[in-house]
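Data block below; observations after.
Residue numbers (the numbering used here): 404 to 735.
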């Protein structure tokens, strides 16, 4: 339905990652592998934290929430491109598109807020180590996580609501691999100035405020670390924050290139090159959720230790099962 007339739409057509036929199969396999690794890696983190009593500390409580958000976000953003690869059907209903916009936005918001809460956790751990267990008790952690989930739920409602307010579209072909907010509103022939203001305000509310709070936490953290006289102590203190800091930098950098590129005269002309932003979207929606468990596992001794213990337990259980089967067969 690519036409110049203004018309209502009942469905959208997801263009996908690439129009080159030869790349469709390799890209589908790549996205499928990314999705399976993302789900597998984050489920591994969930199981390790739940099965090992030494891990359920505030840091790992937040890491479990982060893994859940990553799995949900990846499923929301990649499920359609996987279905396209399996069925060849690029159509998505209007309501499904709006739902995808909402849920992807809310999970990104959840992750930004949760990383801010994790920054506060690191601040307490470094700056007030003697009071850490008192301040970051189970009630505080549950409250912080609940606030993150609740704010993420509320913050995106105005954007999804304004998209449903649009009465017509110039085209129903979304030049993206999922229904993201900006590519969809660029198709509208309605007045999008109100939504443009909401995008700017939302960028401040959802990204800049959490980022500034995280930066504030790290200003106190770095100040405290520099006061430590021992070089070993300084390295150890910084090491406990390095995983979280790496994830924060990667996520915010990707979002800046994806959504906050310079705005030109046309209110939404800054997203004209949506093909260019697909790279950042793919990194944000597919690769970051893989990197999160890898970063936290490779840079954390507790997670690596728990993973090795679990492997030894599985080897022991497997060997015990084989011995029992042999014993039973001999007895029979």
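Every residue, glycine too, gets a C-beta built ideally from N, C-alpha and C. In this text, all values refer to a predicted model and were calculated from it rather than measured experimentally.
Rounded to the nearest angstrom, how far is the Cβ of residue i from that of residue j, given a contact under 8 Å?
i           : j           : result
residue 624 : residue 526 : 6 Å
residue 696 : residue 468 : Not really, about 13 Å apart at Cβ, beyond 8 Å.
residue 484 : residue 420 : 7 Å
residue 654 : residue 691 : 6 Å
residue 504 : residue 582 : 5 Å
residue 558 : residue 608 : 7 Å
residue 698 : residue 650 : 6 Å
residue 548 : residue 465 : 7 Å
residue 562 : residue 590 : 15 Å between Cβ atoms; not a contact.
residue 621 : residue 648 : 7 Å
Which residues bound the beta strand (DSSP E) around residue i?
i           : result
residue 415 : 414-417
Kindly indicate the opening and closing residues of the alpha helix (DSSP H) around residue i.
i           : result
residue 445 : 424-454
residue 468 : 461-490
residue 536 : 535-538
residue 556 : 541-558
residue 620 : 612-630
Do you know offhand how far residue i's Cα is from residue j's?
i           : j           : result
residue 630 : residue 619 : 17 Å
residue 534 : residue 519 : 20 Å
residue 628 : residue 574 : 55 Å
residue 537 : residue 587 : 47 Å
residue 550 : residue 521 : 13 Å
residue 578 : residue 460 : 43 Å
residue 428 : residue 576 : 21 Å
residue 516 : residue 689 : 19 Å
residue 555 : residue 604 : 15 Å
residue 476 : residue 693 : 12 Å
residue 418 : residue 580 : 6 Å
residue 565 : residue 600 : 12 Å
residue 572 : residue 470 : 37 Å
residue 513 : residue 472 : 7 Å
residue 423 : residue 541 : 52 Å
residue 543 : residue 567 : 37 Å
residue 454 : residue 448 : 10 Å
residue 646 : residue 507 : 24 Å
residue 509 : residue 626 : 33 Å
residue 501 : residue 531 : 44 Å
residue 493 : residue 660 : 27 Å
residue 523 : residue 617 : 7 Å
residue 611 : residue 644 : 20 Å
residue 592 : residue 569 : 8 Å
residue 546 : residue 553 : 10 Å
residue 412 : residue 434 : 29 Å
residue 489 : residue 656 : 32 Å
residue 432 : residue 683 : 19 Å
residue 673 : residue 539 : Note that residue 673 scores a pLDDT of 41, beneath 50, so its modelled location is shaky; the value from the coordinates is reported in the next line. Rounded to whole angstroms, residue 673 to residue 539 spans 42 Å at the Cα level.
residue 499 : residue 425 : 29 Å
residue 430 : residue 511 : 24 Å
Which of helix, strand or coil does DSSP assign to residue i?
i           : result
residue 496 : strand
residue 576 : strand
residue 591 : strand
residue 684 : helix
residue 524 : helix
residue 644 : helix
residue 633 : coil
residue 693 : helix
residue 512 : helix
residue 507 : helix
residue 582 : coil
residue 569 : coil
residue 420 : coil
Using 10 angstroms around the beta-carbon of residue i, count the other beta-carbons present and answer buried if the total reaches 16, otherwise exposed.
i           : result
residue 676 : The predicted model places residue 676 with a pLDDT of 42, which falls under 50 and marks its position as unreliable; any figure quoted below should be read in that light. That one is exposed.
residue 687 : buried
residue 441 : buried
residue 633 : exposed
residue 496 : exposed
residue 560 : exposed
residue 640 : buried
residue 636 : exposed
residue 613 : buried
residue 487 : buried
residue 436 : exposed
residue 451 : buried
residue 438 : buried
Does the beta carbon of residue i fall short of 7 Å from some heavy atom of the ligand NAD?
i           : result
residue 583 : Questions concerning the ligand NAD fall outside what the structure shown contains, since it holds no ligand whatsoever.
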